[in-house]
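Undergrad:
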Amino acid sequence: MFVVLFLLSGFFSGSEIALIGLPKHKIEWFIKNKKVGAKALRDVKEDTDNLLIMILIGNNLVNVYTAALATQIAMSLASSSGIPEAQAVGISTGIVTIFLLLFGEIIPKSIASKNSAAIALFVAPIYKFLITVFYPLVFLIKIIIRVFSGKKKTEKMTDEEIQSFIDMGRDHGGIDDDEHEKIKSIFEYYEISAEEIMTPRVKLEAIPDTFTVKEAVNYYLTHTHTRIPIYNKTIDKIDYFISARDLLREISNGNGDKKLTEIKLRKVLKVPLNQPISKLFDVFQKTNKIFAIIMDQYGGVAGLVSLEDIVEQVFGEIRDESDRETEEFIKLENGGIKTDSLVLMQDLLDEFDLEFEDVGLDEKEFNGETVSYVITDILEGFPTVGQEISLKILNSDEKSETERTLIIKAVEVEEAKIGKVEARIEESPKTKEEKKDNQE
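Following this line, the structure appears as structure tokens:
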């Protein structure tokens, strides 16, 4: 009899783990694949309150009956053997408790946690039958619980909890790293502002409204964008843009020599720095625009965000036939490199296996800064084309007869903006004073 009771206790305890922990998507998969017991599983999981109450009713009935039966047997043995009833009951209670914990709780729950799907499909029809049979009692207990616990509140899963589940899925091999990054990007999509993904003002490509149509066409042919912002006198006054189609139409109409101010231009979309990209995407859809000019708090132009920028934020970089493969650092014949002034100074130093301290720069001050920033800081202003800065390499070999210097030259400067720079290391003979210092 006790074996049956322990098995029943194990049935209720183990099935609780199997049923409650099974996610909804697995149940839907079972139904789709016509697994036996899948529909019953869906039915009992639709109301977890009924399921939990039935499990507790079954488990408590079995445990109470087991304890009562053990007590009755203990008292019978006590009267026939002369052992005090209290002692006999105490011993039997201890033994039954150990067996219930072992065979009615620990072992069944351990088995159920490792085979939850199979067990859930097996026990679901049984629970559906039990809930139907005991429904009056289940319903009564449910009413009592609601009276004492108040109105049931549905807890919403937070974004942090969902992202934790995503991380767990990656850690356990459920999703790969690429899928993980894409899913995480979707959550970040609602938190990122236009400022975070915009092309900054210093890299914004635009043309003045004094250009003729032919000049605009020539500009278009040397760039990759199909829509070109147009400014009036200063980059802070961008109100219009022109598309490649518009330029072709004007050329075909014989308007190649006309100024851009003399033809029909399109109005640009302007949004603030803190505009969420999720809302900006909605604006693009409603206005049929594919880029927006980002304005700062002072009414100046801060940068530009395109529809492609937003899509790439979620799905990664997208390349089309107009995109050009560019190298961040181009090797030169003299052993130096050519790069954009907006690359980090640390990255440029890495190309020469140097650190900030090697060239006499304070890492705390210049770490995270661009080459352009370093040049303007040292010169205390913008360079002219061809102007250089020299950074003596301090860790040169003391026994060497030469000293090494990192030279950075501005090769493109336009409207107080540094474009391309070239960097190289030059060696020169040490002066007598330097040799004397090394010997000392």
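The sequence shown runs 41 to 480 under this note's numbering. Glycine included, every Cβ here is placed at the ideal spot set by N, Cα and C. Source: prediction; values computed, not measured.
1. Please state whether DSSP places Pro316 in a helix, a strand or coil.
2. Using a Cβ-Cβ cut-off of 6 Å (strictly less than) and excluding sequence neighbours within five positions of Thr239, which residues of its own chain qualify?
3. Please list the terminal residues of the continuous beta strand (DSSP E) segment that includes Phe281.
4. For Glu428, write down the residues that DSSP places opposite it in a beta bridge.
5. So, are the CB atoms of Glu308 and Ile275 less than 7 Å apart?
6. Can you tell me whether DSSP reads Asp297 as helix, strand or coil?
7. Going by DSSP, what residue range makes up the alpha helix (DSSP H) through Lys404?
8. Applying the criterion that 16 or more other CB atoms from any shown protein chain within 10 Å of the CB defines a buried residue, is Met208 buried or exposed?
9. When the distance is taken between beta carbons, is Glu443 closer than 7 Å to Ser412?
10. Which whole-angstrom value is the C-beta distance of Val102 and Leu45, which I expect to be below 8 Å?
11. For a test of the three-state rule: what should DSSP assign to Tyr271, helix, strand or coil?
12. Going by other Cβ atoms of all chains shown within 10 Å of its Cβ, with 16 needed for buried, is Ile184 buried or exposed?
13. Across which residues does DSSP place Val461 in a beta bridge pair?
14. The alpha helix (DSSP H) spanning Phe52 covers which residue range?
15. Tell me which residues share the same chain as Glu365 and place their Cβ nearer than 6 Å to its Cβ, disregarding the 5 neighbours each side in the sequence.
16. On the CB-based measure, 16 or more other CB atoms within 10 Å of its CB, does Thr106 come out buried or exposed?
17. Please work out which residues of its chain come closer than 6 Å, Cβ to Cβ, to Ile223, disregarding the five sequence neighbours upstream and downstream, and give them in chain order.
18. Would Ala114 be called buried (16 or more neighbouring beta carbons within 10 Å of its own) or exposed?
19. What is the DSSP secondary structure of Arg174, counted as helix, strand or coil?
20. Return the CA-CA distance between Phe227 and Glu221, expressed in angstroms with no decimal places.
21. Compare the C-alpha of Leu394 against each of Ile433, Asp380, Glu290, Leu305 and name the closest.
22. For Ala256, report the span of its alpha helix (DSSP H) as first-last.
23. State the start and end residues of the unbroken alpha helix (DSSP H) segment that holds Phe355.
24. Quick one: using the 10 Å Cβ neighbour count with 16 as the cut-off for buried, is Phe70 buried or exposed?
25. Of all the CB atoms in chain D, is at least one closer than 7 Å to the CB of Asp83?
26. Taking contact to mean 3 or more Cβ pairs, one atom from each stretch, closer than 8 Å, check whether the segment 377-390 and the segment 305-323 are in contact.
27. Buried or exposed, going by whether 16 or more other CB atoms sit within 10 Å of the CB of Ala110?
28. Is it the case that the Cβ atoms of Gly400 and Arg464 are separated by a distance below 7 Å?
29. If you drop the 5 nearest sequence neighbours on each side, which residues of the same chain put their C-beta closer than 6 Å to that of Pro165?
30. So Tyr70 is in the alpha helix (DSSP H); what residue range does that whole segment cover?
31. For Asp216, count neighbouring C-beta atoms within 10 Å of its own C-beta (all shown protein chains included) and say buried if the count is 16 or more, exposed if not.
32. CB Val178 to CB Asn100, shorter than 7 Å?
33. Which residues does DSSP pair with Lys371 in a beta bridge?
34. Can you tell me where the beta strand (DSSP E) with Met335 in it begins and where it stops?
35. Ser116 to Val43, Cα distance in whole Å?
TA: Here's the rundown:
1. Numbered from 1 along the sequence shown, position 276 holds the residue referred to as residue 316. Strand, per DSSP.
2. Reading the sequence shown from its first residue, position 199 is the one you call residue 239. Hits under 6 Å: Gly343, Leu344.
3. Numbered from 1 along the sequence shown, position 241 holds the residue referred to as residue 281. Per DSSP, Phe281 belongs to the beta strand (DSSP E) from 274-283.
4. In the sequence shown, residue 428 corresponds to position 388, counting from 1. Glu428 pairs with Lys449.
5. For the purposes of this step, residue 308 is taken as residue 268 along the sequence shown, with counting starting at 1. For the purposes of this step, residue 275 is taken as residue 235 along the sequence shown, with counting starting at 1. According to the sequence provided, residue 308 is Val. The question's Glu does not apply to it. No, these two residues do not count as a Cβ contact at 7 Å.
6. Here residue 297 is taken as the residue at index 257 of the sequence shown, counted from 1. It is coil, neither helix nor strand.
7. As a first step, residue 404 must be located in the sequence shown, where it is residue number 364. Run containing Lys404: 403-406, per the alpha helix (DSSP H) assignment.
8. Translated into positions along the sequence shown, residue 208 becomes position 168. Exposed, by the Cβ-count rule.
9. Within the sequence shown, the letter at position 372 stands for residue 412. Within the sequence shown, the letter at position 403 stands for residue 443. Cβ distance not < 7 Å, so Ser412 and Glu443 don't count as in contact.
10. In the sequence shown, residue 102 corresponds to position 62, counting from 1. In the sequence shown, residue 45 corresponds to position 5, counting from 1. Indeed they touch by this definition, with Cβ atoms about 6 Å apart.
11. Here the question's residue 271 lines up with position 231 in the sequence shown. In this structure, Tyr271 counts as strand in the three-state DSSP scheme.
12. Against the sequence shown, residue 184 aligns to sequence position 144. That one is exposed.
13. Within the sequence shown, residue 461 is the residue found at index 421, counting from 1. Partner(s): Thr379, Ala450.
14. What you label residue 52 is simply residue 12 of the sequence shown in a count that begins at 1. Run containing Phe52: 42-60, per the alpha helix (DSSP H) assignment.
15. Sequence index remark: in the sequence shown, residue 365 carries index 325 (1-based). Residue placement at Glu365 is poorly supported in this model, since its pLDDT is 47, which falls under 50; the coordinates still yield a value, given next. Nothing meets the Cβ criterion.
16. Counting from 1 along the sequence shown, the entry for residue 106 is found at position 66. Buried, by the Cβ-count rule.
17. One-based indexing of the sequence shown puts residue 223 at position 183. Within the same chain, Ile223 has close Cβ partners Ile206.
18. Counted from its first residue, the sequence shown places residue 114 at position 74. With 16 or more other Cβ atoms within 10 Å, it is buried.
19. Walking along the sequence shown from the start, residue 174 turns up at place 134. Correcting the residue type first, residue 174 is Phe in the shown sequence and not Arg. Here Phe174 sits in coil by DSSP.
20. As a working note, residue 227 is residue 187 in the sequence shown. As a working note, residue 221 is residue 181 in the sequence shown. Those two C-alpha atoms are separated by around 10 Å.
21. What you label residue 394 is simply residue 354 of the sequence shown in a count that begins at 1. Of the listed residues, the one whose Cα sits closest to Leu394 is Ile433.
22. The sequence position of residue 256 within the sequence shown is 216, counting from 1. Its alpha helix (DSSP H) spans residues 253-261.
23. For the purposes of this step, residue 355 is taken as the residue at position 315 of the sequence shown. 347-355 is the span of the alpha helix (DSSP H), which, as asked, contains Phe355.
24. In the sequence shown, counting from the first residue as 1, residue 70 sits at position 30. Its Cβ being crowded by 16 or more others within 10 Å, Phe70 is buried.
25. Protein chains in the displayed structure number just one, and chain D is not present.
26. no
27. Working through the sequence shown from its first residue, we reach residue 110 at position 70. Buried, since its Cβ has 16 or more Cβ neighbours within 10 Å.
28. Taking the first residue of the sequence shown as position 1, residue 400 is located at position 360. Taking the first residue of the sequence shown as position 1, residue 464 is located at position 424. Not in contact: Gly400 and Arg464 (Cβ atoms no closer than 7 Å).
29. Mapped onto the sequence shown, residue 165 falls at position 125. For Pro165, where only same-chain residues beyond five positions count, the Cβ hits under 6 Å are Gly77, Ala80.
30. Position 30 of the sequence shown, counted from the first residue, corresponds to residue 70. Here residue 70 turns out to be Phe, not Tyr, going by the sequence shown. From DSSP, the alpha helix (DSSP H) with Phe70 extends over 64-72.
31. As a first step, residue 216 must be located in the sequence shown, where it is residue number 176. Exposed, since its Cβ has fewer than 16 Cβ neighbours within 10 Å.
32. Stepping through the sequence shown from its first residue, residue 178 is reached at position 138. Stepping through the sequence shown from its first residue, residue 100 is reached at position 60. No, they are not a contact pair.
33. Looking up residue 371 in the sequence shown gives position 331. DSSP output for Lys371 lists Ile377 as bridge partner(s).
34. Position 295 of the sequence shown, counting from 1, holds the residue named residue 335. Start and end: 331-335.
35. Taking the first residue of the sequence shown as position 1, residue 116 is located at position 76. Taking the first residue of the sequence shown as position 1, residue 43 is located at position 3. Each residue's alpha carbon lies about 20 Å from the other.
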